[in-house]
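**Q** Attaching a single structure in structure tokens format; questions to follow.
In full-length UniProt numbering, the protein residues as written are 1 to 334.
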């Protein structure tokens with residue numbers, strides 16, 4: 001993860017401009033002296049500051065977390081694998097090049113058009129990747145808490161949502177991951193360039209805390225209680241806000257801002273809600289816009305195909321019941 005060549009270049013620049021600053025200090029002409037000192041001094045400070053930020057960034061990237069490894073074991077039953085395959089559709093956007101199963105990983109920076117900050121691949125989660133060397137507990141910790149096998153942060157893992165997965169569902173996901181046909185090759189190591197390390201100072205890579213005790217999902221039912229569980233694990237709050245009150249587009253990197261669900265969904269019938277997730281068509285006949293990613297891949301602005309694949313009809317109806325029960329909150333509706 002450490003850009004040795006980049007750091008050496010910084011050291012050379014600091015020494016060079018520092019030397020020029022001392023030389024300028026010896027110039028007899030006062031005007032030229034101060035111009036030289038200020039210019040060379042500034043050119044010394046800039047790479048020094050970049051170096052400090054880079055070192056801090058690399059420290060963040062290599063920080064180890066002491067989250068304990070749980071000790072559950074997936075049974076690998078056909079029912080467990082089937083449930084896990086359903087839930088795995090949540091993971092396709094990040095862990096697949098074409099938003100399809102299997103979860104063979106992808107060049108994350110290239111797919112989403114992020115700056116060339118280094119090498120960052122979303123892991124290959126099939127047996128063709130690295131998961132054979134992981135225990136079930138380590139996979140559970142990675143999914144729920146965003147902590148890798150070696151204790152480092154998985155960086156962009158949405159564990160703030162996935163930590164809500166019940167013990168039963170997270171083990172179903174593990175069972176499915178192990179059942180996939182080996183696809184692709186082991187994930188290339190993550191390497192951040194010097195400026196990638198500087199950039200990490202602007203990003204919060206905190207991991208999630210382990211769940212307190214056993215996590216049990218509400219009994220599956222077409223009702224608001226189970227619907228709330230499904231909304232939480234699907235990560236609707238990432239785009240629609242922590243209270244589903246909607247987000248405003250600020251132009252910052254991250255999930256696209258979504259509208260206020262507390263005001264929109266109560267205006268829809270259950271049939272219209274189901275139709276939206278089946279076809280991407282709203283009650284007014286409009287459809288979800290299609291985004292073209294820098295990699296050339298296209299996907300809907302709102303990932304309704306993945307959510308449809310990750311849910312049963314009854315789970316969607318439960319989500320509708322939950323969203324329909326929320327009190328309206330002021331927020332953007334577009």
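From the three backbone atoms N, C-alpha and C, an ideal C-beta is built for every residue, glycine too.
1) DSSP three-state label for residue 190, please.
2) Taking the alpha-carbon positions, what's the residue 368 to residue 270 distance?
3) If you draw a straight line from the alpha carbon of residue 171 to that of residue 55, how long is it in whole angstroms?
4) In chain order, what residues of the same chain have a beta carbon less than 7 Å from the beta carbon of residue 32, not counting five sequence neighbours either side?
5) If you follow the alpha helix (DSSP H) that residue 45 is part of, which residue opens it and which one closes it?
6) Suppose you measure from the CA of residue 132 to the CA of residue 125; what does that come to, to the nearest Å?
7) Go ahead and label residue 180 buried or exposed: buried means 16 or more other beta carbons lie within 10 angstroms of its beta carbon, across all protein chains shown.
8) Taking the Cβ atom as the reference point for each residue, do residue 207 and residue 167 lie within a distance shorter than 8 Å?
9) State whether the region 84-96 contacts the region 307-317, with contact taken as three or more CB pairs (one from each stretch) at a distance under 8 Å.
10) Can you list, in chain order, the stretches of the alpha helix (DSSP H) that have 4 or more residues and sit fully within the region 210-287?
11) Between residue 232 and the rest of its own chain, which residues show a CB-CB distance below 8 Å, the 5 nearest in sequence each way excluded?
12) How would you call residue 19, buried or exposed, if buried means at least 16 neighbouring beta carbons within 10 angstroms?
13) Sort 50, 289, 68 by Cα distance to residue 6 and report the nearest one.
14) Taking the beta carbon of residue 224 as the centre, do at least 16 other beta carbons fall within 10 Å, making it buried, or is it exposed?
15) Return yes when the Cβ of residue 314 is within less than 8 Å of the Cβ of residue 203, no when it is not.
16) Any idea what DSSP makes of residue 129, helix, strand or coil?
17) Is the CB-CB distance between residue 275 and residue 260 below 8 Å?
18) So the beta strand (DSSP E) residue 13 belongs to, where does it begin and stop?
19) Are the Cβ atoms of residue 67 and residue 152 separated by less than 8 Å?
20) Which value, in whole angstroms, describes the spacing of the CA atoms of residue 157 and residue 291?
21) Confirm, please, whether the CB-CB distance from residue 187 to residue 229 is below 8 Å.
22) Could you check the C-alpha separation between residue 128 and residue 57 for me, to the nearest Å?
23) Hey, could you find the ends of the alpha helix (DSSP H) residue 348 is sitting in?
24) Buried or exposed: which applies to residue 59, given that a residue is buried once 16 or more other Cβ atoms fall within 10 Å of its Cβ?
25) Between which two residues does the beta strand (DSSP E) holding residue 291 run?
26) Given this structure, state the Cα-to-Cα distance separating residue 250 from residue 258, to the nearest angstrom.
**A** Short version:
1) coil
2) Within the shown structure, residues of the chain are numbered from 1 to 334, placing residue 368 beyond reach of any answer.
3) 38 Å
4) none
5) 30-61
6) 9 Å
7) buried
8) no
9) yes
10) 224-234, 236-240, 261-264, 270-279
11) 161, 164
12) exposed
13) 50
14) buried
15) no
16) coil
17) no
18) Here residue 13 belongs to no beta strand (DSSP E); instead the alpha helix (DSSP H) covers 4-25.
19) no
20) 22 Å
21) no
22) 31 Å
23) Coverage of the chain is limited to positions 1 through 334, which leaves residue 348 absent and any answer about it impossible.
24) exposed
25) 290-292
26) 12 Å
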